[in-house]
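Protein chains in written order, with this note's numbering: chain A, 607 to 927; chain B, 607 to 927; chain C, 607 to 927; chain D, 607 to 927; chain E, 607 to 927. In this text, a Cβ means the ideal position worked out from N, Cα and C, and glycines have one as well. Predicted model, so just to flag it, every value in this text is computed and none were measured.
See below:
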C-alpha cells in the first residue's frame, strides 16, 4: 500500500508525486523522492524496483521479510533493515522497516508495525535546513526515530526488573519471581536481537569509510549510534542483574526450604515430647507411684505444658519457629 | 558415483559430457564444466584430481572426510567443505559436501546426505543471466542451498524450546524437562558446529580481498553470509534461553521439594495432634475426671476432629497443603 | 546558573568575564575562557551555544541529559560527558558533567552532583606552568578529578565485600549475606557503567590519532586512563569474587539445610526410642513378667534414659547434634 | 641420547652422519641434516648449540623443559615446542618435543614421550618429492604427526562423555557421574593447554608474514592448523556439554532428594494413620461402645488395613511411592 | 633509602658512585648508572628526579604507590611498575617495584617487598657480555626475576588445588572444601592482577614498535613474556578447575543431604513399625485373642524384631542405611 510519495528539493516539498511520474522527478538534479509503503504486495515492490533500479537481492530480502537488522551497500545505494519494537499488552511486538536509499530517492517499507513514520516526515518538512542534506537525512531521521522508540521499551524492562527486585527477598514469592525473571529474559533477548545488529549497521555510517550517499552526515549517525550504545549497555546491565537475580532466587528457595524444615522440626518436638510422657503413663507396670498421687493427672498435664512452653520459647529464640 | 557432468557456456548448457571429454571442454574459453559426485571412491577422486589439477591436500581431505566446514585457496582454485544438516526421526543428521572450484570447473562431492542438489542445477539452468557468472555462481548456489536448509532445522529447535518453556513451570515435569533441555543443547551444538565455520568460510568471499574466481559475486556471498549470521544469532539466542531454562528448572525442582516438605509437615501435624490426645487419655492415672463423664469419649473424638479441621484450614491458608 | 567565567592567558588569570564580553576574550590570540555552569536552563545553554559556536547535537545531548560518559569530536572542538559518583547514605549517587572544549574555551556543565570543581580551578591557577597548556589542560584536570573521586567509591565497595566475606562462612547469615551481595552487585554495575565508557573516552586522548586541541597532552590523559584502568580492574575483581561468594552462599545454605535435617533426625530418634518402649509396656498381654517386677517401672525408665544418653553421645560423635 | 643423525639432499638420504661431521654437511649447499635426540643431557644440547649456532635462550628453554607449546623466531632459524599427548591407563600423559629448524638443519628433541617419530622419518624418506622442500618439510611432518596423535585422545574423551551421558538420567548414579565429569574436565584442560598454543604457533606459519625458512609451505601448515582447529572446536564442544552435564547432574541430585522425601512422607502416613487409631482405642474412657462389640477388634484391624491400602494406592497414583 | 649506586661501562663495573657524582657518570658516553632505592622518601625521589630528568607524572606515581603493573614511555625513557609476590604464612604478599630506565641510567625503587634484587646485580656483573647491552638489559634482568618469582606461587596454588581435589569427593568435607576453594580464588585473583598487566607491559617490548632504549633486546623480553604467558595460562586453568570444583562441591552437599534424608527415613521406619504394633496391643477391645495366648507377649516382641531385621536389611540393600 502506498502511504506517501513526495518530491523534495533544497529541503522543501516540491509536490506529491503520482507513482508514474517518479521517474521525472528523480532525474531532476538536486531533487529527491521519498516514497513510503505499508505492507506492499510483491507487485508494488517490483514496480519500485524498476523505478529506482533496486538490486534484486535487496528486493528479495524485502519481499520475504528478513528478521534481522542490517545495512548493505549495493553500488551507490544502501539497503537498511530496521526493527521497531512496540509494547502491546505486556508483550514485545517486533515490526520491520526496510529502507532503500539512493542519491535521489528514499523508499521506506513498513511491516507488522502499527506506529507509522508520518511524524518523521512532518518534522523533517519543518526543518528545511536539515532536510536539504537529502536522502541521507531521511535515513538518519528514520533510524533516529526507531532508536528513540526503544527507550520506552528499555524503561519498561527496567521497571519490570525493579518490581522483581522488590519481591525477591520476600517469602513465598519464589515461584512468581522465577516466572517473571524468565519472562524478562525472553523480552531482553528480543530487544537485544533488534538493537545489537542495528548498532552494527549504524556504526558503518558513523565514521571511517562511509558510503558516498551518507558523506557529511557522520555526526548525525554517530548520535544515533551513541543512543543505541546506551540502550545496549542498559540491556547488558539488566541481563547481568537478571542472571544474578535467578541465582539469588534459587538461594531464597533453598533458604525457605531450610526454614520449613526448622518449623517442621520445632513443632514435631512440641508434639512428640508430651506424646512420650503420655506413653510412659500409659504403661501397665505395677507400682507406678505417680498413678496414686492425689494430683497425679493434673501434675502430669502441667509438666507437659511446661515442657512445651519451654520448647516453644527455645525454638523462638534460635529462630526455628 | 558420478551423478552429472555438464558443460556450460554463457549461462547455457552445452552438453552432458562423458568423463573422458572433460579435458576438451575445460580448455574452451568461456566454458565451464560442473561435475557432481556422490560418495565417490578413491579412484573417482584421483581421476578428477588429474582432470582438474586439484591440490593433493584438498583431495586428501575430501577422501578422508573432514567434519568441519571451511574454505581454502589453492592457487587460483578454491576448496570448500560444507555440512548440510537434515532432521531424521528427531535426530540431526550431518552430511558433508566438498566443492572444488576453478575458473572453468566446479566439482561437488556429496556424502552421508540424502537430499541432493539436482534442484540447484535445474534452477540455475533456468536463470542463464545468473549462471553466466560461471563457476563462482554455482558455488554461491550450492552454499545458498545448504544455508537455506538450516532454516527448517533452526525452526525445529525453536519449536522444541517453546514446547519445553510451556512445560517448565508446571509441576512434576522437571525430569522430562531436564532431559529435553539436555537433548536440545546437544542438537544446538551440532548445528552450531556446522554453521559457525561455514559463516567464517563464506565471510572470506563477501568482501575485502576476495579470491579471483569469485570476483564480482561479493553481493551474492554477502547475502548467504547474512542468512548464516541470522541463523547463528538464533542459535545463540536459543542457547542462552536454554541455559536459563536449566537454571529455572533447578529452581522449580527445589521449589517442589519445599512444597513436598510443607505437605509432609502439614499432614504430620494433622495426624500427630490427635495421636497425642489419644495418648493422654490412655494414661493410667487414678482420678482422671474425663474418664467418668457421660459423653467423655464422643467429646474427646469431637475435640480431635475440631483440632484437625482447624489445622487443615490453617495449613490451607498458609498454602502448606 | 553561571558559577564562574574567567579568562586566562599564558596560564594566568586575566579577569572575571561578564557573559556578554566572552566574545571579546575568545578572539584574543593565546587567550582562553573557562566557563562553569551548574544545572543551566535551556536558555543558558542556547546563549553559550551562540557564544562558542557549539554543535547543535552536542547541546541537545547536554540539555536532555545523557546518562553515559563519552567523548565526541565536532570539527576542532570536543564534547565530553562524565559521571562523577558520590556515596550518600550507603547509596551511589550518579551525577553528570558535560564539558565543551575548543581551542580557546572550556565550558563545563555540572548536574545532579553536589561536589563542585572549584578546587580544580583554584589548583590550576596555582600552577601556571601547567595551565598554560590551555583548554586541554582544564579538560585533563576535570577528568582527573572525576577519576580520582571514583577511588573512595571503589574502596567502599571493597570494604563491603570484605565485610560480607567475614560473614559468609558463619551460620545463619545466609539471608543477610545474599541481600548484601545483591546490593553490592547493583552498586558495582552502577560504577562499571560510569567507569568503562569514561575509560573508552579518555583512551581516545592518550595516544594514536589525538584531536588537535589535545596535542602534547597525551601523557597526562594516559595517566588518567591508567587510573581508570586500575579502577576497572578492581571492579572486575570485586565482581568475580562477588559471583563466587553467591555460589558459596548457596553452598552454605544447603550445608545448613543438611545440618538442620541431621539435628531433626537426631532428636527424633531420642524421642522415638523411649516412645517405642513406653508403647511396648502399654500393651495388654497377659503374662508380661516385667509388669510384676519389684522395680519394673524405675528399671524401664532407666533403660530409656540410658538409651537416650547413648544416642545423644553417638549423634554428638558423628556431628549430627 | 642421539637417536639418528642423517644428511639429505634433494629429498634423498645422503648418509648417516657421525656427530663430528655434521659441520661438513651443513656447509654443503642444498643439503640439510636432520638430528633426533631423546632426553639429551645438557652436554648433548651444548654440543648441538655450537654445531648449529642455536640461540642461547632457546637452548635454555629446551634444557629446562618448558611446558607450553610455542614457536619463536631467532634470526633465520625457528624454535618450536610441541606437546604430544598419550593415553596411559586412562590418564593423559603429556610429553614434550622441541624442534630447532634452520635453513640447513632440523634438530628434534623428544622428552617424556614413549612414542618416537621414527615413522615420520621413514615416511618422509619414501616421498622425496616432498622431502626436497627441506627442513621446513620435516618441521611440517613432525607437527602434523603430533596433531594427528591428538585425534585418538579427543575420541577417547568424546567416548567418555557419551558414557556419562548414558548414565546421567539414571537414578543413584549421581556420585559416580560427578566424579567422572570432574575427571573429564581435568583431561579436557590438559588437552586444551596443549592444543590451543600449538594452534597459535602453527598459525604463524600458515599465511601472512611467514618466516623465510617456511616459505612456500604455507598450504601444508594451513592443513595442520585446520586439523588443530577441528580438535579445538571439539574440545570446546565437549567442555560445553560437560558444563551442562554438571548442572543437569545437580538437578538430578535434587530431583532424587524430592523423590526420597516423597517416599518418606508416603510411608510415614501409612504407619502413622493406624498408629493414631490404635492410640484412640487404647483410651480409658468409660462407655466406649466399640470395646464391647462382638467383632470390635477385627473390625478395627480391618479399618486400619483398608485405610492403608487406600493410602498406598493414592500415593502410587500421585507418584510419591 | 639508597641501596646501591654503581656506574657500568662495556658491561663492567666502573665504580660505586656517591649520589652527587651521578651527573658526571651519566654524561660519559657508553656509560650507565644503576641506582637501587628501598622505600625512598619523597625527598629521595625528588633528588633522583632532578638527577635523571624523570617525568613528573612518573615520579608522582612512584611516590604514591600505584598497585598495578604497567610500562609507560616518557620521551626516550621508560617507567615500569612491577609487582613481585611472596608467600608468607599461607598468604600472598604483594610488593611493588618501580623502574625508571633511560639510555644511560636505571633506577629501581623497591617497596613492601622483603626479597631484594641484589642477586640480579651480582649475576649481571658476572656476565659482562650481556650487561654491556646497557640499561635495557638491567630492565630485562629485573623483569625476568620478578616473573621467575611467580613460579613458586603458582606451584603453591596448584598444590592447594590438588589438596582440595583429593578431599572433594569425601563425605563431611564440604564446609572446609568450600572455604578452601574461596581462599584459593582470592589468591588466584591477587596473582592474576599482578601477572596479566605485567604481561601486557612486557608485551610492548617483545616485538612490533619497540621503544628505542630496548632495541635489540626483543628476544629477551619475548622470553619473559613467554614465561608470563605460561603462568597466566596456568592461572586460568586453576580458576577454571576451581569454578568446577565449587559446582561439584555443591553437588556433594546436596548428595549428602539426600543420604541424610534416606538414613532418617530408614531409622524412622525401624522405630515406627514396632511402635504401631505396640499401639495395637495397647488397645482395650474385649476379646482380643492374642492377649490370652500363652506366649502372646514374647511372640509379639519376636514379630517386632523380625520386622525390624527385615527392614534393616532391606534399607541396607537399597543403600538408604
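- request: Sort D:776, D:613, D:638, D:702 by Cα distance to residue 801 of chain D and report the nearest one.
  value: Checking every option, the nearest Cα to that of residue 801 of chain D belongs to D:702.
- request: Please state if the CB of residue 863 of chain B and the CB of residue 867 of chain D are separated by a distance shorter than 9 Å.
  value: Going by beta carbons, residue 867 of chain D and residue 863 of chain B fall inside the 9 Å limit.
field: Within 9 Å, strictly: CB atoms of residue 898 of chain A and residue 925 of chain B
entry: Cβ atoms of residue 898 of chain A and residue 925 of chain B: not closer than 9 Å.
message: For the pair the segment 787-803 of chain A and the segment 684-691 of chain A, tell me if three or more CB-CB distances fall below 8 Å.
response: By the Cβ test, the segment 787-803 of chain A is in contact with the segment 684-691 of chain A, since at least three Cβ pairs between them sit closer than 8 Å.
- prompt: Is residue 647 of chain E close to chain G, meaning its C-beta is less than 9 Å from at least one C-beta of that chain?
  reply: Chain labels in this structure do not include chain G; the protein chains are A, B, C, D and E.
- request: Please check if any C-beta of chain B sits within less than 9 Å of the C-beta of residue 891 of chain D.
  value: At least one chain B Cβ lies under 9 Å of residue 891 of chain D.
message: Could you check whether residue 787 of chain E and residue 763 of chain E sit closer than 9 Å to each other, using their CB atoms as the reference points?
response: Against a cut-off of 9 Å, the Cβ pair of residue 787 of chain E and residue 763 of chain E comes out as no contact.
task: Residues of the segment 850-879 of chain C with a CB closer than 8 Å to any CB of chain E: list them in chain order, please.
output: Result list: 850, 851, 853, 854, 856, 857, 858, 860, 861, 863, 864, 867, 868, 870, 871, 874, 875, 878, 879.
- prompt: Excluding sequence positions up to five away, which residues of its chain have a Cβ less than 6 Å from the Cβ of residue 700 of chain A?
  reply: These residues qualify, in order along the chain: 689, 691.
message: For a contact defined as C-beta to C-beta under 7 Å, what are the partners of residue 843 of chain C on chain E?
response: Here the neighbours are 795, 799.
task: Find the residues of chain A that neighbour residue 898 of chain C, judging by a C-beta separation of less than 8 Å, and give them in chain order.
output: Those are 892, listed as they occur along chain A.
message: Less than 9 Å between CB atoms is the rule here; does residue 881 of chain A satisfy it with respect to chain B?
response: Interface residue, yes.
- prompt: Considering residue 650 of chain E, what are the terminal residues of the alpha helix (DSSP H) in which it resides?
  reply: Here the alpha helix (DSSP H) through residue 650 of chain E covers 648-658.
- request: Would you tell me roughly how many angstroms separate the C-alpha atoms of residue 809 of chain C and residue 684 of chain C, rounded to the nearest one?
  value: Looking at the backbone, the Cα of residue 809 of chain C and that of residue 684 of chain C are separated by about 14 Å.
Boundaries of the beta strand (DSSP E) in which residue 708 of chain C is found, first to last residue: 702-708 is the span of the beta strand (DSSP E), which, as asked, contains residue 708 of chain C.
field: residue 634 of chain C versus residue 711 of chain C - alpha carbon distance
entry: Spanning the two alpha carbons is a distance of roughly 11 Å.
query: Among the residues of its own chain, which have a CB less than 7 Å from the CB of residue 805 of chain A, if the five just before and after it don't count?
result: Residues of the same chain with a CB within less than 7 Å of the CB of residue 805 of chain A, apart from the 5 flanking positions on each side, are 831, 834, 835, 838 in chain order.
- request: Could you spell out where the alpha helix (DSSP H) holding residue 906 of chain B opens and where it closes?
  value: Looking at the DSSP string, the run of the alpha helix (DSSP H) that includes residue 906 of chain B is 902-923.
query: By DSSP, does residue 724 of chain B sit in helix, in strand, or in coil?
result: For residue 724 of chain B, the three-state secondary structure derived from DSSP is helix.
task: Could you tell me which residues DSSP puts in a beta bridge with residue 618 of chain A?
output: Partner(s): A:615.
field: Backbone secondary structure at residue 899 of chain B - three-state DSSP
entry: The three-state secondary structure of residue 899 of chain B, taken from DSSP, is coil.
Residue environment, residue 920 of chain B, which counts as buried when at least 16 other CB atoms sit within 10 Å: Exposed is the call here.
Beta-carbon spacing of residue 745 of chain D, residue 660 of chain D below 9 Å: No, these two residues do not count as a Cβ contact at 9 Å.
task: For residue 848 of chain D, count neighbouring Cβ atoms within 10 angstroms of its own Cβ and tell me buried if that reaches 16, exposed if not.
output: Counting the other CB atoms within 10 Å of its CB gives residue 848 of chain D a total of 16 or more, which places it among the buried residues.
- prompt: Under 9 Å between the Cβ atoms of residue 844 of chain E and residue 767 of chain E?
  reply: Yes, Cβ-Cβ distance for residue 844 of chain E and residue 767 of chain E is below 9 Å.
field: Cutoff 8 Å; reference residue 620 of chain E; Cβ partners in own chain excluding five residues on either side
entry: Excluding positions up to five away in sequence, the list reads 612, 613, 614, 631, 637.
field: Validate contact between the segment 815-825 of chain D and the segment 818-825 of chain E using beta carbons, cut 8 Å, 3 pairs
entry: The segment 815-825 of chain D, when compared against the segment 818-825 of chain E, does not touch it at the 8 Å Cβ threshold.
task: Between the Cα of residue 639 of chain E and those of E:811, E:657, E:650, E:785, spot the shortest distance and give me the residue it belongs to.
output: That would be E:657, whose Cα lies nearest to the Cα of residue 639 of chain E.
query: Measuring CB to CB, does residue 717 of chain A end up less than 9 Å from residue 645 of chain A?
result: If you check the CB distance, residue 717 of chain A and residue 645 of chain A come in under 9 Å.
- prompt: residue 778 of chain A to residue 858 of chain A, Cα distance in whole Å?
  reply: Those two C-alpha atoms are separated by around 9 Å.
- prompt: How about residue 814 of chain E and residue 739 of chain E: are their beta carbons less than 9 Å apart?
  reply: Contact flag unset, no.
message: Output needed for residue 655 of chain D: all residues of its chain with C-beta closer than 7 Å, excluding positions within five of it in sequence on either side, in chain order.
response: Contacts found: 665.
query: So, is residue 757 of chain E buried or exposed, given that buried needs 16 or more other C-beta atoms within 10 angstroms?
result: The residue is exposed, with fewer than 16 neighbouring Cβ atoms inside 10 Å.
- request: Report the rounded CA-to-CA distance for residue 860 of chain C versus residue 903 of chain A, giving the unit in angstroms.
  value: Computed Cα separation, rounded: 44 Å.
task: Scan the segment 752-781 of chain D for residues whose Cβ lies nearer than 7 Å to a Cβ of chain E and list them as they occur along the chain.
output: Result list: 780, 781.
Pick from E:731, E:643, E:696, E:754 that is closest to residue 704 of chain E, judged by C-alpha positions: Comparing Cα positions, the closest option is E:643.
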